[in-house]
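Structure first, then comments.
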Amino acid sequence: MGLRIILVLLLLVSGAIVAKLALFNDPAPVEAKTAPHAMMIVATTTLPVGTLVKQQDLQFAPMPDGMTQDSVFARPLAGDTAEQSAADHKLFDEVTGAVARRRIEAGDPIPRGGVVKPGESGFLAAVLAPGQRAITIGVTAVSGAAGLIYPGDRVDVILTQILNIQDVSLTHRSVAETIAQDVRVLAIDQQLQAKATQSGPEGKLAQTVTLEVDPQQAEKIVVAGKLGDLSLTIRSLEPAANAGTPAAAGNSPIWAEDVSPALRRLIPPQKPPAVARAVVVYRGAEKTDAPAQQQSAQQ
1 MGLRIILVLL
11 LLVSGAIVAK
21 LALFNDPAPV
31 EAKTAPHAMM
41 IVATTTLPVG
51 TLVKQQDLQF
61 APMPDGMTQD
71 SVFARPLAGD
81 TAEQSAADHK
91 LFDEVTGAVA
101 RRRIEAGDPI
111 PRGGVVKPGE
121 SGFLAAVLAP
131 GQRAITIGVT
141 AVSGAAGLIY
151 PGDRVDVILT
161 QILNIQDVSL
171 THRSVAETIA
181 QDVRVLAIDQ
191 QLQAKATQSG
201 PEGKLAQTVT
211 LEVDPQQAEK
221 IVVAGKLGDL
231 SLTIRSLEPA
241 ANAGTPAAAG
251 NSPIWAEDVS
261 PALRRLIPPQ
271 KPPAVARAVV
281 VYRGAEKTDA
291 PAQQQSAQQ
């Protein structure tokens with residue numbers, strides 16, 4: 001009987017202690033789940049007008065309160081990590097390859113109206129440097145470097161002429177000259193980004209190349225297209241001392257005799273002109289000297 005009383009007392013004391021601890025100890029605070037902050041794409045560096053936007057020029061940043069998501073490239077919220085990564089990649093692809101329509105400072109959001117994407121109206125005009133023009137020429141597998149020219153490459157334009165003039169010697173009936181130097185390739189056919197110009201097992205070689213030139217170069221290329229054949233030569237990435245100078249500076253035509261000295265041997269030596277004999281004409285007491293041909297005509 002005494003043991004039961006002791007056990008009951010111990011249980012009562014334990015219950016009292018537990019109740020006291022429960023009353024005087026505050027419950028642990030529960031962290032409230034906060035909604036993720038809206039994010040948007042901003043520029044990591046200043047993008048002048050006409051800059052081709054690259055992925056390294058972009059990053060996410062918090063969107064200021066009050067800014068509408070429709071005016072910027074807002075980050076969509078996905079369910080899990082994999083879906084979020086795919087959504088982020090798709091959003092960056094929307095901006096990568098676009099051209100800045102106006103100047104965007106570093107850290108500023110990329111406005112949807114501030115860039116123009118390939119295929120949209122005004123893209124080519126936005127790509128052109130101030131004062132430059134875009135001109136398109138036709139190319140073949142040979143004149144277009146076998147399809148190995150891509151947008152962004154720099155090339156020279158060479159005019160080749162065959163002069164079918166009877167009085168011109170063989171050594172001067174073929175001539176080539178560079179009419180434009182160090183011009184930028186804007187597009188291959190209708191492709192404005194640097195991708196392979198061939199696709200599939202039966203890849204199609206480019207038929208046209210669009211170049212960025214100044215107004216005078218544009219006029220020269222138009223006239224040159226009527227005179228003969230145009231070819232493109234790819235320039236090295238290493239800048240040359242005369243890069244960007246007009247083609248006329250220090251550029252000499254290359255004639256057929258400069259390439260093939262053998263042509264000179266095919267041309268017979270020219271005969272010296274015949275010396276005209278003078279005749280003396282007497283008309284009464286008047287004496288006149290005249291060439292033989294002139295005297296014959298008078299007779």
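Residue numbers (full-length UniProt numbering): 1 to 299. Ideal Cβ placement from N, Cα and C applies to all residues, glycine included. Predicted model only: the values in this text are computed from it and were never measured.
Legend entry - Length of the line joining the Cα atoms of residue 99 and residue 65: On the sequence shown, position 99 is the one that residue 99 refers to. On the sequence shown, position 65 is the one that residue 65 refers to. Distance from the CA of residue 99 to the CA of residue 65, rounded to the nearest whole angstrom, comes to 27 Å.
Inset, instruction - Starting from residue 60, follow the beta strand (DSSP E) in both directions and report where the run begins and ends. - result: Counting from one through the sequence shown, the residue named residue 60 turns up at place 60. Under the DSSP assignment, residue 60 falls in the beta strand (DSSP E) whose first and last residues are 58-62.
Legend entry - Rounded straight-line distance, which links the Cα of residue 94 to that of residue 81: Taking the first residue of the sequence shown as position 1, residue 81 is located at position 81. Taking the first residue of the sequence shown as position 1, residue 94 is located at position 94. Straight across, the Cα-Cα distance linking residue 81 with residue 94 is about 20 Å.
Legend entry - Three-pair Cβ contact test at 8 Å for the region 151-159 versus the region 178-187: For the pair of segments examined, the region 151-159 was found to touch the region 178-187: the number of CB pairs separated by less than 8 Å reaches three.
Legend entry - Continuous beta strand (DSSP E) stretch holding residue 184: start and end: Here residue 184 refers to the residue found at position 184 of the sequence shown. Here the beta strand (DSSP E) through residue 184 covers 174-188.
Legend entry - Sub-8 Å separation of residue 172 and residue 159 beta-carbons: Counted from its first residue, the sequence shown places residue 172 at position 172. Counted from its first residue, the sequence shown places residue 159 at position 159. In this structure, residue 172 sits away from residue 159, with a CB-CB distance that is not shorter than 8 Å.
Inset, instruction - Look at the alpha carbon of residue 125 and the alpha carbon of residue 264, and state the distance between them as a whole number of angstroms. - result: Stepping through the sequence shown from its first residue, residue 125 is reached at position 125. Stepping through the sequence shown from its first residue, residue 264 is reached at position 264. Cα-Cα distance, rounded: 50 Å.
Legend entry - Segment limits, beta strand (DSSP E) that includes residue 157: On the sequence shown, residue 157 is found 157 positions in, with the first residue counted as 1. For residue 157, the enclosing beta strand (DSSP E) starts and ends at 154-162.
Inset, instruction - For the alpha helix (DSSP H) holding residue 231, just list the boundary residues, first then last. - result: Reading the sequence shown from its first residue, position 231 is the one you call residue 231. For residue 231, there is no enclosing alpha helix (DSSP H); the residue is found in the beta strand (DSSP E) stretching over 229-234.
Inset, instruction - Closer than 6 Å by C-beta to residue 247: which residues in its own chain qualify, once you throw out the five before and the five after it? Chain order, please. - result: For the purposes of this step, residue 247 is taken as the residue at position 247 of the sequence shown. For residue 247, the predicted structure reports a pLDDT of 45, less than 50, and the residue's modelled location is therefore unreliable. A value from the coordinates is still provided. Once the five neighbours on either side are set aside, the close Cβ partners of residue 247 are 178, 179, 180 and 181.
Inset, instruction - Return the chain-ordered list of same chain residues with a C-beta closer than 6 Å to the C-beta of residue 48, the five sequence neighbours on each side being excluded. - result: Translated into the one-based positions of the sequence shown, residue 48 becomes position 48. Within the same chain, residue 48 has close Cβ partners 103.
Legend entry - Alpha carbon of residue 176 to alpha carbon of residue 161, nearest angstrom: Taking the first residue of the sequence shown as position 1, residue 176 is located at position 176. Taking the first residue of the sequence shown as position 1, residue 161 is located at position 161. Distance between the alpha carbons of residue 176 and residue 161: 6 Å.
Legend entry - Straight-line gap, residue 259 to residue 231 (C-alpha atoms, nearest Å): For the purposes of this step, residue 259 is taken as residue 259 along the sequence shown, with counting starting at 1. For the purposes of this step, residue 231 is taken as residue 231 along the sequence shown, with counting starting at 1. Rounded to the nearest angstrom, the two C-alpha atoms are 18 Å apart.
Inset, instruction - Determine the direct distance from the alpha carbon of residue 55 to that of residue 236, and round the result to whole angstroms. - result: The sequence position of residue 236 within the sequence shown is 236, counting from 1. The sequence position of residue 55 within the sequence shown is 55, counting from 1. Rounded to the nearest angstrom, the two C-alpha atoms are 25 Å apart.
Inset, instruction - Quick one: grab the DSSP three-state call for residue 283. - result: Numbered from its first residue, the sequence shown carries residue 283 at position 283. Secondary structure at residue 283: strand, using DSSP grouped into helix, strand and coil.
Inset, instruction - Return the first residue and the last residue of the beta strand (DSSP E) that residue 212 is part of. - result: The sequence position of residue 212 within the sequence shown is 212, counting from 1. Start and end: 208-213.
Legend entry - Alpha-carbon spacing of residue 101 relative to residue 83, whole angstroms: The residue given as residue 101 occupies position 101 in the sequence shown. The residue given as residue 83 occupies position 83 in the sequence shown. One Cα belongs to residue 101, the other to residue 83, and the distance between them is close to 31 Å.
Legend entry - Residue span of the beta strand (DSSP E) that contains residue 134, given as start and end: Within the sequence shown, residue 134 is the residue found at index 134, counting from 1. 133-138 is the extent of the beta strand (DSSP E) around residue 134.
Inset, instruction - Return the first residue and the last residue of the beta strand (DSSP E) that residue 42 is part of. - result: Numbered from its first residue, the sequence shown carries residue 42 at position 42. Annotation for residue 42: the continuous beta strand (DSSP E) segment containing it runs 39-43.
Legend entry - Test item: CB-CB of residue 57 and residue 75 under 8 Å: The count along the sequence shown starts at 1 and reaches residue 57 at position 57. The count along the sequence shown starts at 1 and reaches residue 75 at position 75. Taking 8 Å as the Cβ cut-off, residue 57 and residue 75 do not qualify as a contacting pair.
Legend entry - Best match in 134, 157 and 252 for proximity to residue 346 [C-alpha to C-alpha]: Residue 346 cannot be examined here, being either before or after the span of the chain that is shown, 1 to 299.
Legend entry - residue 288, DSSP secondary structure in three states: For this step, residue 288 is matched to residue 288 along the sequence shown. Of the three classes helix, strand and coil, the one that applies to residue 288 here is strand, per DSSP.
Inset, instruction - Measure the C-alpha to C-alpha separation of residue 233 and residue 140 and round it to an integer number of angstroms. - result: Reading the sequence shown from its first residue, position 233 is the one you call residue 233. Reading the sequence shown from its first residue, position 140 is the one you call residue 140. For residue 233 and residue 140, the distance between alpha carbons rounds to 13 Å.
Legend entry - Inter-residue Cα distance where the pair is residue 114 and residue 191: Numbered from 1 along the sequence shown, position 114 holds the residue referred to as residue 114. Numbered from 1 along the sequence shown, position 191 holds the residue referred to as residue 191. CA-CA distance, residue 114 to residue 191, rounds to 22 Å.
Inset, instruction - Could you check what DSSP says for residue 104 in three-state terms: helix, strand or coil? - result: Position 104 of the sequence shown holds residue 104. Residue 104 falls in the strand class under three-state DSSP.
Inset, instruction - Provide the residue span of the alpha helix (DSSP H) that contains residue 85, from first to last. - result: Position 85 of the sequence shown, counted from the start, is the residue given in the question as residue 85. Segment 81-95, the alpha helix (DSSP H) holding residue 85.
Inset, instruction - Determine, using beta carbons only, whether residue 118 and residue 72 come nearer to each other than 8 Å. - result: Locating residue 118 in the sequence shown gives position 118, counting from the first residue. Locating residue 72 in the sequence shown gives position 72, counting from the first residue. Taking 8 Å as the Cβ cut-off, residue 118 and residue 72 do not qualify as a contacting pair.
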